[in-house]
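So the sequences go chain by chain: A and B. Under my numbering, the first residue of the first sequence is numbered 1, with each subsequent residue one higher. Under my numbering, the first residue of the second sequence is numbered 1001, with each subsequent residue one higher. A virtual CB, placed ideally from N, CA and C, is assigned to each residue, including glycine. As the structure is a prediction and not an experimental result, all values here were calculated from the model. Worksheet: the structure to be examined is printed underneath.
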Amino acid sequence: GAVVSQHPSRVICKSGTSVKIECRSLDFQATTMFWYRQFPKQSLMLMATSNEGSKATYEQGVEKDKFLINHASLTLSTLTVTSAHPEDSSFYICSARLPSDEQFFGPGTRLTVL
Amino acid sequence: DAKTTQPPSMDCAEGRAANLPCNHSTISGNEYVYWYRQIHSQGPQYIIHGLKNNETNEMASLIITEDRKSSTLILPHATLRDTAVYYCIVLSNTGKLIFGQGTTLQVKP
């Protein structure tokens, strides 16, 4: 299947700092990518839809000013967690959608905010 | 978005077939059923998807009932590495995959 990468795989930051997570589709172009968050022992929760060349659309309850999404090219979407706090510690996962509607997921980024 | 219902957990003996059921009684005629699995601390892995015909690939088979209200994912010869959480998802017309709680499959030696 198609390959999606995320960087970094793991990040630890201090409270109040911002963290950027990259999501790349390595062997295909994706006009649409998705960002999810997963807390321990819970399922994935969709945060937002990232559309190339336009603003992201956020799910209800997700703060767009806190979770900044930029989809500047057909192979790259970034999620920036601004002014991170310990409650933002989570596993962040992106997915990229093929024209056939299949979605492939990245390996995830473990964020720990101290 | 059509909801899905899956048993929270299942056990399967290594080498035997694992049959994972999923109910999606409110599915619409043009909505696909997708299956993903997630091994601990990794991103979900695509397994298979279908609309109304049964599907098979190198990983699994997907059996969809004629009324499309339920489906079964079949892993023909489960191995210990198939231990994971399996998610059955109906792809909405917005293209979003909304994850439920899934089925935790434990393959035992």
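Neighbourhood of residue i by C-beta distance below 6 Å, restricted to the same chain and skipping five residues each side
| i | result |
| --- | --- |
| Pro1076 of chain B | Ala1017 |
| Tyr1086 of chain B | Leu1020, Arg1037, Gly1102, Thr1103, Leu1105 |
| Thr1072 of chain B | Asn1019, Pro1021, Ile1063 |
| Lys66 of chain A | Thr82 |
| Cys1088 of chain B | Thr1004, Gln1006, Cys1022, Trp1035 |
| Thr31 of chain A | Glu52 |
| Arg10 of chain A | Arg110 |
| Asp1082 of chain B | Leu1075, Val1107 |
| Ser95 of chain A | Phe34, Gln103, Phe105 |
| Ser1009 of chain B | Thr1104 |
Beta-carbon separation (whole angstroms), residue i vs residue j, contact threshold 8 Å
| i | j | result |
| --- | --- | --- |
| Ile93 of chain A | Tyr58 of chain A | That belief does not hold up - the Cβ atoms of Ile93 of chain A and Tyr58 of chain A are roughly 16 Å apart, past 8 Å. |
| Val1090 of chain B | Ile1048 of chain B | About 14 Å; that fails the 8 Å criterion. |
| Leu68 of chain A | Gln29 of chain A | Contact doesn't hold; Cβ gap of about 22 Å is too wide. |
| Leu1051 of chain B | Tyr1032 of chain B | 5 Å |
| Ala72 of chain A | Val62 of chain A | With a Cβ gap of about 20 Å, Ala72 of chain A and Val62 of chain A do not count as contacting. |
Cβ-Cβ distance between residue i and residue j below 9 Å
| i | j | result |
| --- | --- | --- |
| Cys23 of chain A | Gln6 of chain A | yes |
| Ser50 of chain A | Ser77 of chain A | yes |
| Ile21 of chain A | Thr82 of chain A | no |
| Lys1096 of chain B | His1024 of chain B | no |
| Gly1043 of chain B | Gly106 of chain A | yes |
| Cys13 of chain A | Leu79 of chain A | no |
Cβ-based neighbour list, residue i, same chain, cut-off 7 Å, excluding 5 preceding and 5 following
| i | result |
| --- | --- |
| His85 of chain A | Ser15, Val113 |
| Tyr1046 of chain B | Tyr1036 |
| Thr1079 of chain B | Glu1014, Val1107 |
| Asp1011 of chain B | Gln1106, Lys1108 |
| Leu46 of chain A | Phe34, Tyr36, Glu59 |
| Thr17 of chain A | Ala84 |
| Ile1039 of chain B | Ala1084 |
| Asn953 of chain B | With chain B represented from 1001 up to 1109, any question about residue 953 of chain B goes unanswered, as that position is not in the structure. |
Same chain, Cβ closer than 8 Å to residue i, neighbours up to 5 away in sequence not counted
| i | result |
| --- | --- |
| Val3 of chain A | Ser25, Leu26, Asp27, Phe104 |
| Ala1060 of chain B | Trp1035, Ile1047, Ile1048, Leu1073, Ile1074, Leu1075, Pro1076 |
| Asn1054 of chain B | Ser1061, Leu1062, Ile1063, Ile1064 |
Using a Cβ-Cβ cutoff of 7 Å, what residues of the region 1075–1096 of chain B are near chain A? List them in chain order.
Leu1091, Gly1095, Lys1096
Whole beta strand (DSSP E) elements within the region 1036–1080 of chain B, 3-residue minimum:
1045–1050, 1061–1064, 1070–1075
Quick one, which residues of the region 96–113 of chain A are near chain B if we go by CB-CB under 9 Å, in chain order?
Arg97, Asp101, Glu102, Gln103, Phe104, Phe105, Gly106, Pro107, Gly108, Arg110
Contacting positions in the region 1029–1056 of chain B - beta carbon closer than 9 Å to chain A:
Tyr1032, Tyr1034, Tyr1036, Gln1038, Ser1041, Gln1042, Gly1043, Pro1044, Gln1045, Tyr1046, His1049
What are the residues of the region 43–57 of chain A that lie near chain B, defined by any Cβ-Cβ distance shorter than 8 Å?
Ser43, Leu44, Met45, Leu46, Thr49
Scan the region 68–83 of chain A for residues whose Cβ lies nearer than 7 Å to a Cβ of chain B and list them as they occur along the chain.
none
If we require 3 or more residues per run, which beta strand (DSSP E) segments fall completely within the region 74–102 of chain A?
76–81, 90–97
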